[in-house]
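Residue numbers (this note's numbering): 1 to 585.
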């Protein structure tokens with residue numbers, strides 16, 4: 001028998017294939033109905049044991065390809081497997097060639113150009129083609145149905161205007177969308193918010209996404225990508241940023257003071273037809289100057305009456321999104337819409353328990369607040385908003401002692417049946433009649449009162465605390481006793497109509513005289529104050545103040561906590577001359 005005669009023996013090739021798969025000679029002989037001596041002869045004469053690993057793989061792949069190709073009717077799975085095996089053969093061929101020449105470029109042809117591209121790959125914020133593709137695929141795979149609808153609208157329409165529930169992943173989504181657009185088109189992206197801190201949320205989402213998928217750490221602010229696209233993260237300083245241009249994302253625009261001025265600058269950045277504008281927000285109050293922009297009446301300004309439009313911006317009309325008569329694509333997305341669109345982050349029944357009907361409607365169902373009955377109106381609270389990263393140069397939030405040795409006042413409002421407990425840190429003015437600043441706020445839910453006291457104690461180690469005001473109603477008394485142990489000067493505040501009136505009038509005097517500041521990203525502070533209403537006492541013979549919800553359920557926790565801190569200044573505290581620390585130095 002010659003060396004070529006084995007070709008005419010089908011069992012000989014099958015025996016080799018089985019041997020390479022780990023079968024023993026006796027097992028092979030029994031399987032093929034051959035003598036064991038015959039199989040041993042094939043093994044010795046064909047050098048099965050000396051066959052290199054890569055050739056064994058090639059032999060197995062070739063056998064399988066031949067088996068598939070010989071089928072007269074091939075399924076889609078067969079064709080896919082043939083394609084996969086063919087590419088595997090190409091890779092094994094490179095490995096075999098590498099064993100001969102030892103060149104890494106034989107294994108990976110892309111390495112032939114590595115010297116030419118070395119400088120580019122080492123450049124700042126560089127992502128190669130495979131990394132970009134990985135980001136695109138991860139982005140597309142992560143979308144809920146309603147987010148996919150946002151993406152499709154962005155591909156077709158110049159202006160998107162989205163009113164949405166809280167916590168449905170809008171900022172998270174648009175951060176990723178903008179990054180993908182910058183990577184694939186080279187277009188600039190401009191993120192606008194009422195404060196630099198709020199705009200930085202977009203940046204954090206982008207950095208986290210790129211790090212998670214590619215391991216690359218993007219640097220810079222603004223962040224310039226390898227293809228020249230620039231990501232700008234702007235707060236209120238955007239009003240002077242006339243030279244910026246790109247796709248504009250304006251976040252929480254219903255909570256931005258002086259919206260008309262802000263939008264004029266924003267729209268100027270995206271004036272060219274290649275740029276798009278995206279406006280995203282939860283609702284605030286009907287009195288906000290952005291409401292005409294949402295309702296469409298903004299379009300009618302300066303136009304003849306015959307050209308006026310009247311939009312239906314109801315949930316029924318905008319639930320699925322539509323291109324409106326003013327060329328804006330609008331959508332209204334409630335938490336229930338988000339759940340129907342695949343979002344599995346909520347327990348809707350639990351949310352109904354945790355929030356009152358008014359609060360549920362505002363926070364989650366996109367209903368606007370009517371603040372005409374509020375003691376503290378939206379416009380009043382917006383006037384207190386500042387960009388803390390720009391204006392509070394003496395406050396370092398990430399430092400061990402953020403406010404150094406400057407004194408602070410703390411207010412605590414306990415949790416009741418369903419609401420949160422709130423702790424607020426207020427920086428008092430350094431001159432008579434100066435401004436108060438809310439530099440930190442903490443809300444906690446469903447934790448024991450001793451743990452709440454622990455949080456306050458940690459704040460006394462973090463700040464130079466001069467005053468702690470504690471509402472001792474209900475669970476508050478237990479917290480007060482624990483706070484008194486480590487801060488003997490703690491002041492207990494026991495609610496009655498007279499005390500509430502004193503607290504509200506004091507806060508009203510401070511705020512109306514322009515003596516209050518807090519970061520513009522803390523819109524929950526505004527919402528808490530806006531919930532305070534004037535009402536009759538239970539006897540009906542007097543006036544008191546309470547939040548929209550009943551006293552048993554509580555509400556407006558951040559507002560009451562702030563008022564407990566402000567209570568350290570006498571009611572007749574001077575407001576003749578309003579100064580902030582910026583005016584002193």
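The beta carbon of each residue, even a glycine, is placed where N, CA and C say it ideally should be.
Are the beta-carbon atoms belonging to residue 26 and residue 15 less than 7 Å from one another?
Not closer than 7 Å, so no.
Please go through the same chain and pick out, in chain order, the residues whose beta-carbon is closer than 7 Å to the beta-carbon of residue 361, but skip the five residues on each side of it.
Excluding positions up to five away in sequence, the list reads 367.
For the beta strand (DSSP E) containing residue 566, name the first residue and the last one.
If you look at residue 566, you'll find it isn't in any beta strand (DSSP E); it sits in the alpha helix (DSSP H) that goes 557 to 566.
Rounded to whole angstroms, what is the Cα-Cα separation between residue 231 and residue 182?
Between residue 231 and residue 182, the C-alpha separation is close to 8 Å.
Reduced DSSP secondary structure (H/G/I, E/B, other) of residue 334:
The DSSP-derived three-state label of residue 334 is coil.
Going by DSSP in three states, residue 167 sits in which element: helix, strand or coil?
In the displayed model, residue 167 falls within coil according to three-state DSSP, outside both helix and strand.
Compute the beta-carbon to beta-carbon distance between residue 205 and residue 176, rounded to the nearest angstrom, for a pair I have assumed lies under 8 Å.
Right, their Cβ atoms sit about 7 Å apart.
Rounded to whole angstroms, what is the Cα-Cα separation between residue 245 and residue 189?
Approximately 8 Å, taken between the alpha carbons.
Under the rule that 16 or more other beta-carbon atoms within 10 Å means buried, what is residue 402, buried or exposed?
Its Cβ being crowded by 16 or more others within 10 Å, residue 402 is buried.
Spatial neighbours of residue 129 within its chain, please: CB distance less than 7 Å, with the 5 preceding and 5 following residues excluded, ordered by chain position.
For residue 129, same chain residues with a beta-carbon under 7 Å away, outside a window of 5 residues either side, do not exist.
Sub-7 Å separation of residue 287 and residue 378 beta-carbons:
In contact: residue 287 and residue 378 (Cβ atoms closer than 7 Å).
Is residue 13 helix, strand or coil when you go by DSSP?
Looking at residue 13 - three-state DSSP - the assignment turns out to be helix.
Which residue or residues does DSSP assign as beta-bridge partners of residue 586?
No information on residue 586 is available, as it lies outside the stretch 1 to 585 that the chain covers here.
What residue ranges within the stretch 390 to 429 form continuous beta strand (DSSP E) runs of no fewer than 3 residues, ordered along the chain?
Counting whole runs of 3 or more residues, the stretch 390 to 429 contains the beta strand (DSSP E) stretches 407 to 413, 421 to 427.
Return the bridge partner residues of residue 467 from the DSSP annotation.
Residue 467 is bridged to 409.
My assumption, with CB atoms under 8 Å, is that residue 435 sits in contact with residue 516. Please give the rounded CB distance.
Between residue 516 and residue 435 the Cβ distance is about 7 Å, and since that is below 8 Å, they are a contact.
Using a Cβ distance threshold of 8 Å, determine whether the stretch 276 to 283 contacts the stretch 213 to 225, with at least three qualifying pairs required.
Judged by Cβ distances under 8 Å, the stretch 276 to 283 makes no contact with the stretch 213 to 225, as fewer than three pairs qualify.
Taking all protein chains shown into account, decide if residue 79 is buried (16 or more other Cβ within 10 angstroms of its Cβ) or exposed.
It is exposed - the Cβ of residue 79 has fewer than 16 other Cβ atoms within 10 Å.
Does the structure place the stretch 371 to 386 close enough to the stretch 515 to 535 that three or more beta carbon pairs sit under 8 Å?
The stretch 515 to 535, when compared against the stretch 371 to 386, does touch it at the 8 Å Cβ threshold.
Check the DSSP bridge columns for residue 587 and list the partner residues they point to.
With the chain covering 1 to 585 only, the question about residue 587 has no answer from this structure.
Rounded to a whole number of angstroms, what is the C-alpha to C-alpha distance between residue 323 and residue 479?
In this model, residue 323 and residue 479 are separated by some 54 Å (Cα to Cα).
Can you tell me whether DSSP reads residue 364 as helix, strand or coil?
In the structure shown, residue 364 falls within a helical segment according to DSSP collapsed to helix, strand and coil.
Meets three-Cβ-pair contact criterion under 8 Å: the stretch 496 to 508 and the stretch 350 to 364
Contact between the stretch 496 to 508 and the stretch 350 to 364 is absent: fewer than three C-beta pairs spanning the two stretches fall below 8 Å.
Confirm, please, whether the CB-CB distance from residue 492 to residue 472 is below 7 Å.
Going by C-beta atoms, residue 472 is nearer than 7 Å to residue 492.
Using 8 Å as the Cβ pair cut-off and three pairs as the minimum, do the stretch 49 to 60 and the stretch 20 to 34 touch?
Contact between the stretch 49 to 60 and the stretch 20 to 34 is present: three or more C-beta pairs spanning the two stretches fall below 8 Å.
Does the stretch 446 to 465 touch the stretch 407 to 426, meaning 3 or more C-beta pairs lie closer than 8 Å?
Yes: at least three Cβ pairs fall under 8 Å.
Rounded separation between residue 438 and residue 233 - CA only:
C-alpha separation (whole angstroms): 23 Å.
Residue 511 versus 494, 39, 530, 136, residue with shortest Cα-Cα distance
When C-alpha distances from residue 511 are compared across 494, 39, 530, 136, the shortest belongs to 530.
Can you tell which of 460, 431, 433, 448 has the C-alpha that lies nearest to the C-alpha of residue 440?
Nearest to residue 440 by alpha-carbon distance, out of 460, 431, 433, 448, is 460.
Comparing C-alpha positions only, which one of 565, 215, 211, 325 sits nearest to residue 300?
If we check each option's Cα against that of residue 300, 325 comes out closest.
Taking the C-alpha atoms as reference points, what is the distance between residue 465 and residue 560?
Going from the Cα of residue 465 to the Cα of residue 560 covers about 19 Å.
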